[in-house]
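Have a look at the structure below before the remarks.
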Amino acid sequence: MLKEESYKWSLKQVQVQIKRHTNIVATLANTAAILKERFPNYFWVGFYFLHEQELILGPFQGPPACMKLSLDSGVCAAAVREQKTIIVPDVHQFQGHVACDSRSNSEIVIPGFDTTNKIRMVLDIDSEKFNDFNDTDKKYLEMIVEKLKIIW
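Put into structure tokens, the structure is as follows:
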């Protein structure tokens, strides 16, 4: 299946989860599971919640991760500071990269906002492959995160 087709399927599945939404953690947990299942190249898929001046680990799929991230360094922090999607082809070249797992080689992070445009979380996806994310990933992952806006 082509990447775009996989994203379209994932988007429909996430929309079903949003319609059934009763709890933020449950909805995001299923969103992470949908993405991890559909994209085997994703090494880690998860959410970090913005809480005061740090990011706190939320629902995820993959190996154990950092439980707290400061807003001083790392790709997730950069996405929060810049309030935009960040694609990193080689995380080892990203100044201040926070290595929660040394197997991660590329990363995409999408900030998520509520309906008042307050940033609430980031969707963080890692791959063991270098340069594994592109504009197709950015387009569809941003669409998925945009749909999640109403669960806050």
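Numbering-wise (our numbering), the sequence shown opens with residue 19 and increments by one. For glycine and all other residues, C-beta sits at the position ideal for the given N, C-alpha and C.
So, for residue i: in the same chain, excluding its five sequence neighbours on each side, which residues have a beta-carbon less than 6 Å away from its beta-carbon?
i	result
residue 118	83, 84
residue 146	61, 121, 123
residue 96	104
residue 127	93, 94, 97, 104, 140, 142
So what does residue i bridge to, in DSSP terms?
i	result
residue 145	60, 124
residue 193	With the chain running from 19 to 170 in the structure shown, residue 193 is simply not present.
residue 79	63
For residue i, I'd like the list of residues in its chain whose CB is within less than 7 Å of its CB, leaving aside the five on either flank, ordered along the chain.
i	result
residue 72	86, 87, 88, 89
residue 114	91, 92
residue 51	79
residue 112	93, 106
residue 27	56
According to DSSP, is residue i part of a helix, a strand, or is it coil?
i	result
residue 72	strand
residue 167	helix
residue 88	strand
residue 116	coil
residue 45	helix
residue 155	helix
Would you decide whether residue i is buried or exposed? Buried here means 16 or more other CB atoms lie within 10 Å of its CB.
i	result
residue 63	buried
residue 154	exposed
residue 49	buried
residue 142	buried
residue 108	exposed
residue 53	buried
The beta strand (DSSP E) with residue i in it runs from where to where?
i	result
residue 106	104-106
Can you list, in chain order, the residues of its chain whose CB lies under 8 Å from that of residue i, leaving out five sequence neighbours each side?
i	result
residue 247	This structure does not reach residue 247, given that the chain is present from 19 up to 170, and the question cannot be answered.
residue 76	43, 46, 64, 65, 66, 67, 139
residue 165	29, 32, 33, 36
residue 160	103, 128
From what residue to what residue does the alpha helix (DSSP H) around residue i run?
i	result
residue 32	21-37
residue 109	Segment: none, residue 109 is in no alpha helix (DSSP H) and carries neither H nor E.
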